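Let me begin by presenting the structure, written as structure tokens, before commenting on it.
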Amino acid sequence: MPGTGLEQHPLLPWLALQHTAGIGPIRACKLRAKLGASWFDSPALKACALSDEQLAQLRTPQWQILERLLAWQQSNPSRHILSWDHRDYPALLKSWPGAPLMLFVEGALPALSLAQIAIVGTRHPSYVGRENAKALVPQLVDAGAAITSGLAIGIDGLSHQAALARGGITLAVLGSGLEHCYPKRHQRLAMDIIGGGGALISECYPWESPLAHHFPRRNRIISGLSLGVLVVEAAERSGSLITARFALEQGREVFAIPGAWQNPQAGGCNRLIQQGAKLVCEASDVLEELVAFSDAAIKIHPPATEELLPYPDLLDNVGLETTAVDLIASRCQQPVQEVLTRLVELELAGWVESVPGGYVRARRG
15 MPGTGLEQHP LLPWLALQHT AGIGPIRACK LRAKLGASWF DSPALKACAL
65 SDEQLAQLRT PQWQILERLL AWQQSNPSRH ILSWDHRDYP ALLKSWPGAP
115 LMLFVEGALP ALSLAQIAIV GTRHPSYVGR ENAKALVPQL VDAGAAITSG
165 LAIGIDGLSH QAALARGGIT LAVLGSGLEH CYPKRHQRLA MDIIGGGGAL
215 ISECYPWESP LAHHFPRRNR IISGLSLGVL VVEAAERSGS LITARFALEQ
265 GREVFAIPGA WQNPQAGGCN RLIQQGAKLV CEASDVLEEL VAFSDAAIKI
315 HPPATEELLP YPDLLDNVGL ETTAVDLIAS RCQQPVQEVL TRLVELELAG
365 WVESVPGGYV RARRG
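Plus 14 on top of the position in the sequence shown (first one is 1) and you've got this note's numbering.
Shown next, in the form of structure tokens:
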């Protein structure tokens, strides 16, 4: 408010734009470029085809919100407010006309400028979906990519965790204000992301609660920050497909891992592949598409020397879906007891895993 020394604060014009009805990011940036920082005194404001109501809103300083935002920022040195014209606003996101006018960040600002790959998927992944995320993320991290996702349960959370376990940097875009970690079960994960050199990001004011309409908007930031979006596992009506659609609008690459047609959680990925998304079987399928656009920040490692398979006839009959021991023995035409002994050896060596109902093939990094 007047007399507090905030009259010329650079955030005031952006707050005015955010609280003016009928002005979206594209028009807001044009107005900002035309009028500069002198919002409230500019005679050119009347010539911008604005209604009287819009003019009144633009000329109403949002003192209360500004003071609340500054208090939030000053309470922790790792908190940052980035307006669209801020030097640290991520350039890749900014290149899209629909980029948010303001971003709120907690964590390391340099993480926002890293070469990022978005990984998204269902909140209820199958065993195969979980294993695919755990197998691919470390390889993408090793190639120099930061992993960006939405902190949701399921594939999002697994991707963040796998990146951290590999010593990589990961970024989480929230559908709530940064004071309200959602889901609450991922509060510890959110702190680990910050501690690992990553960042939490939101366009919501820090005090805003998670609301349903925040999450589709959140998805455009996930894709906008990234060179490409990998959908690990998603049903045909999954929110992950919204992220993929935004990626296409933003000129980003879209990747999808195929799944069995009987698996409803794979329907969205299969549909994306039918529509032109690149089919992914291994990390190099993603990396070879992105390496040319990452200023050498992402690299492709040569494949490791192939390891000889123990008991190949038995392993050929253990897939990524649970297979009963007697079925494996029947397929191999070997005694059940002998098959069981070999499965235990393979489990100790990390080739298979025991799960309720039988065994599954382990995904080896």
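Just so you know, even glycine gets a beta-carbon here, dropped at the ideal spot from N, CA and C. Note that this is a predicted model, so its numbers are computed, not measured.
query                                                                                            : result
Bridge-paired residues (DSSP) for Glu302                                                         : Per DSSP, none; premise fails for Glu302.
According to DSSP, residues forming a beta bridge with Glu267                                    : Gly242
Backbone CA spacing between Leu26 and Gln279 [nearest angstrom]                                  : 45 Å
Three-state class that DSSP yields for Leu128 in the structure shown                             : coil
Contacting residues, own chain, Cβ-Cβ under 6 Å from Pro75 (five flanking each side not counted) : Leu26
Terminal residues of the alpha helix (DSSP H) in which Glu367 lies                               : Run containing Glu367: none in the alpha helix (DSSP H); it sits in the beta strand (DSSP E), 366-369.
Neighbour-count burial assignment, Cys346, 16 or more Cβ in a 10 Å radius                        : buried
Enclosing beta strand (DSSP E) for Ala186 [first to last residue]                                : 184-187
DSSP state of Val332 mapped onto helix, strand, coil                                             : coil
Exposed unless 16 or more other CB atoms sit within 10 angstroms - verdict on Thr355             : exposed
Secondary structure of Val358, DSSP reduced to three states                                      : helix
Beta bridge counterpart(s) of Glu120 as assigned by DSSP                                         : Arg93, Leu214
Arg180 - DSSP class collapsed to helix/strand/coil                                               : coil
Straight-line Cα distance separating Leu192 from Ala226                                          : 16 Å
Where the beta strand (DSSP E) containing Gly372 begins and where it ends                        : 372-375
Beta-carbon separation (whole angstroms), Ser173 vs Val142, contact threshold 8 Å                : At roughly 15 Å, the Cβ-Cβ gap does not stay under 8 Å, so Ser173 and Val142 are not in contact.
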